[in-house]
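Notes to accompany the following structure.
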Amino acid sequence: MVCLPPGPDDLPMAVQQGITAGLRVLVAAAAAVLLYRVLVPAGHPWAAPALRAALSHRALAPVAAASYASYCFHFRILEWLALAPGSPLAPLRPNAAAADVAPALVFAAALAAAGAGVSLAVASAFHHAVERPLGRWATRARPAAKAD
Numbered sequence: 001m002v003c004l005p006p007g008p009d010d011l012p013m014a015v016q017q018g019i020t021a022g023l024r025v026l027v028a029a030a031a032a033v034l035l036y037r038v039l040v041p042a043g044h045p046w047a048a049p050a051l052r053a054a055l056s057h058r059a060l061a062p063v064a065a066a067s068y069a070s071y072c073f074h075f076r077i078l079e080w081l082a083l084a085p086g087s088p089l090a091p092l093r094p095n096a097a098a099a100d101v102a103p104a105l106v107f108a109a110a111l112a113a114a115g116a117g118v119s120l121a122v123a124s125a126f127h128h129a130v131e132r133p134l135g136r137w138a139t140r141a142r143p144a145a146k147a148d
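Heads up, the sequence shown is in the numbering used here, so the first residue is 1 and it goes up one at a time.
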């Protein structure tokens, strides 16, 4: 797990990694609850028709189509944007010893915006250049079902 280099006032690396892992579990659990609420049948007490309608909107179709590719690439893209010396966000990276949180918030907002944009662009390119052609190839290569 990658964390920013610790400063003199930072928590030990093991604690940072534990917090990061805990936050990932919470985000995954929240996503699972949202997905469950969208996927349950309409008559179920946990059904969320408004959420289902919002997530089914046709404007989100391109994002849904590239979601697997985004899943595959987003973490490495965020890691590169946040930590690489040649990253376009390197000048915004806050000083670990600074007491002011404003630069960290600016960096986090820039990282979220740039990460979302770059991740969606890479995922969309991968979807169109790799996933769709492989899907068409697999459909053609699959033998036709025999009618008995």
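Each residue gets a CB set at the ideal place from its N, CA and C atoms; glycine is no exception. Fair warning: this is a prediction, and the values are worked out from it, not measured in the lab.
Checklist entry - What is the DSSP secondary structure of S87, reduced to helix, strand or coil? => result As a first step, residue 87 must be located in the sequence shown, where it is residue number 87. Coil.
Checklist entry - Would you say E131 and A64 are within 8 angstroms of each other, going by their C-beta atoms? => result Translated into the one-based positions of the sequence shown, residue 131 becomes position 131. Translated into the one-based positions of the sequence shown, residue 64 becomes position 64. No, the Cβ-Cβ distance between E131 and A64 is not below 8 angstroms.
Next on the checklist: Helix, strand or coil for W80? Go by DSSP, reduced to three states.
Outcome noted: For this step, residue 80 is matched to residue 80 along the sequence shown. Residue state for W80 is assigned as helix, using DSSP reduced to three classes.
Item to check | Simplified DSSP state of L11, which is helix, strand or coil | outcome: The residue labelled residue 11 in the question sits at position 11 within the sequence shown. Three-state result, L11: coil.
Checklist entry - What are the boundary residues of the alpha helix (DSSP H) that W46 is part of? => result For the purposes of this step, residue 46 is taken as residue 46 along the sequence shown, with counting starting at 1. Unbroken run through W46: none, as it is neither H nor E.
Checklist entry - Looking only at its own chain, which residues have a Cβ that is under 7 angstroms from the Cβ of A110, when we skip the five neighbours before and after it? => result Residue numbering aside, residue 110 sits at position 110 when the sequence shown is read from its first letter. Once the five neighbours on either side are set aside, the close Cβ partners of A110 are L89, L92.
Next on the checklist: So, with DSSP's three-state summary, where would you put R58?
Outcome noted: The sequence position of residue 58 within the sequence shown is 58, counting from 1. The answer is helix: DSSP assigns R58 an H, G or I state.
Item to check | Neighbourhood of F73 by C-beta, 8 angstroms cutoff - its chain only, sequence neighbours within 5 removed | outcome: As a working note, residue 73 is residue 73 in the sequence shown. Listed in chain order, the non-local C-beta contacts of F73 below 8 angstroms within the same chain comprise S119, V122, A123, F126, local neighbours out to five positions each way being set aside.
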